[in-house]
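Please read the structure below before turning to the comments.
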Amino acid sequence: MGARGLAGRLAAARAGALVGREPERAVLDRMLSGAAQAPFVAYLHGPGGIGKSSLVRYAARQAELTGRRVVHVDARFLDADPRRLEEAAAPACTEPGTVLLIDTFEQCQPLETWLRETFLLRLADHAIAVVASRTAPDAEWSLDPGWAQLFTALAVQPLDAAQSDALLAARGVPVEQRGAFVAFAGGSPLALSLAASVPAAAPGAPWYPTGDILTTLVERLVGDLPGAVHRRALEVVAQAYVTREPLLRKVLGDQDTNTVFS
Ligand SMILES: Nc1ncnc2c1ncn2[C@@H]1O[C@H](COP(=O)(O)OP(=O)(O)OP(=O)(O)O)[C@@H](O)[C@H]1O
Ligand SMILES: [Mg+2]
């Protein structure tokens with residue numbers, strides 16, 4: 077199977093697995109269809125694992141299905157250097173109607189003013205842009221009377237209980253296990269997906285998140301850590317309702333606790 081075939085099947089499977097997000101999809105659909113009054117820039121924001129990239133992929137797929145050119149930039153792979161972002165996004169300045177997608181923009185957040193005041197003004201006619209970041213947009217987008225009409229911020233929210241249940245059902249989690257997963261995940265699609273990926277507990281046995289799940293969550297949400305002690309401390313934080321220094325001293329010992337607090 078060629079790369080296009082595989083890419084197409086992946087995109088279709090991901091689109092089929094997307095739960096909820098009707099309001100965000102509706103805005104993206106309106107932008108893609110060029111509806112009157114549709115925004116020119118959508119800025120998706122929310123914490124790690126909430127589903128921003130999934131919506132960016134949704135926009136990519138819808139754009140491709142309608143024959144629009146997609147320029148998909150992931151700032152994870154760029155430095156916070158305008159030249160790198162400019163270079164990667166440049167094709168969106170030439171072909172009319174291009175859909176520019178900038179994901180993981182928090183890695184380049186210092187470029188927000190440059191993006192708004194310089195780069196986006198160069199986009200080709202009828203191009204639109206979707207930006208996704210863990211950081212909310214700065215106030216200037218809505219203070220500026222011009223941008224206020226062309227820009228929309230979409231705060232991506234946790235999934236509700238019914239949507240969380242639907243995600244788990246789609247991943248084949250037995251109905252009797254879903255309640256514990258939903259309670260653990262607090263609406264985070266990442267936490268739900270991770271919980272769904274581990275083998276089911278014995279029927280009737282209580283379920284607790286394993287160390288693997290917590291470690292993967294910490295890695296995905298926090299990224300690189302200075303070392304094992306910081307990782308262990310974060311695993312404690314992830315499990316304890318309230319983390320105080322005496323608790324950390326009990327788990328990590330005095331010396332490592334001093335390292336974490338230093
Ligand atoms: N609406 C959804 N329906 C089903 N699965 C979802 C949904 N949103 C996210 N997921 C799943 O949750 C996981 C995390 O989603 P995603 O990567 O989109 O989060 P993110 O907000 O981009 O996180 P980060 O800030 O780390 O980049 C992925 O495995 C994705 O498939
Ligand atoms: Mg992402």
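Each residue of the sequence shown is one higher than the one before, starting from 77 at the first, in the working numbering. Just so you know, even glycine gets a beta-carbon here, dropped at the ideal spot from N, CA and C.
Annotated three-state conformation of Ile204 is strand, per DSSP. The DSSP assignment places complete beta strand (DSSP E) segments of no fewer than 3 residues inside the segment 114-164 at 117-121 and 146-150, in order along the chain. If you check the C-beta of Pro123 against ligand 1, you find a heavy atom less than 8 Å away. Taking 3 residues as the minimum length, the beta strand (DSSP E) runs contained wholly in the segment 179-224 are 204-209, in order along the chain. Here Asp179 is buried: its Cβ has 16 or more other Cβ atoms, across all protein chains shown, within 10 Å. Unbroken alpha helix (DSSP H) stretches of 4 residues or longer found wholly inside the segment 218-283: 221-226, 237-246, 251-261 and 265-273, given in chain order. In terms of Cα proximity to Phe116, the closest of Leu86, Phe153, Pro123 and Leu177 is Leu177.
Our two residues, Leu131 and Val146, have alpha carbons roughly 14 Å apart in a direct line. Spatial neighbours of Leu104 in its own chain (CB-CB distance under 6 Å, excluding positions within 5 residues in sequence) are listed in chain order as Ala135. Close CB contacts of Val251 within its chain, under the 8 Å cut and outside five residues either way in sequence, are with Ala245 (chain order). Distances between the C-beta of Ala208 and the heavy atoms of ligand 2 include at least one below 8 Å. Between the alpha carbons of Leu94 and His148 lies a distance of about 19 Å.
What you get when you keep residues with a C-beta closer than 6 Å to any heavy atom of ligand 2 is Lys128, Ser129, Asp179 and Thr180. A direct Cα-to-Cα measurement between Arg152 and Leu187 gives close to 14 Å.
Among the bridge pairs identified by DSSP, Leu293 is matched with none. Separation of the CB atoms of Thr211 and Glu182 is rounded to 5 Å, and the pair is thereby assigned contact status at 8 Å. Cβ-Cβ distances below 7 Å link Ala168 to Val147, Thr174, Leu176, Leu199, Ala200 and Ala203 in the same chain, with the five nearest sequence neighbours on each side left out; the list follows chain order. Put simply, of Glu100, Ala87, Gly84 and Ala91 the residue whose alpha carbon is nearest the alpha carbon of Leu230 is Glu100. Burial is judged here by how many other beta carbons sit within 10 angstroms of a residue's own beta carbon; Pro322 has fewer than 16 and is exposed. Relative to ligand 1, Ala212 has its C-beta separated by 8 Å or more from all heavy atoms. Closest in alpha carbon position to Ser273, among Ala259, Leu301, Leu243 and Pro302, is Leu243. Contact holds between the segment 304-311 and the segment 327-337, because three or more Cβ pairs, one in each stretch, are under 8 Å apart. Apart from the 5 residues on each side of it in sequence, Glu216 sits with its Cβ closer than 8 Å to the Cβ of Thr189, Arg192 and Trp223 in its chain, given in chain order.
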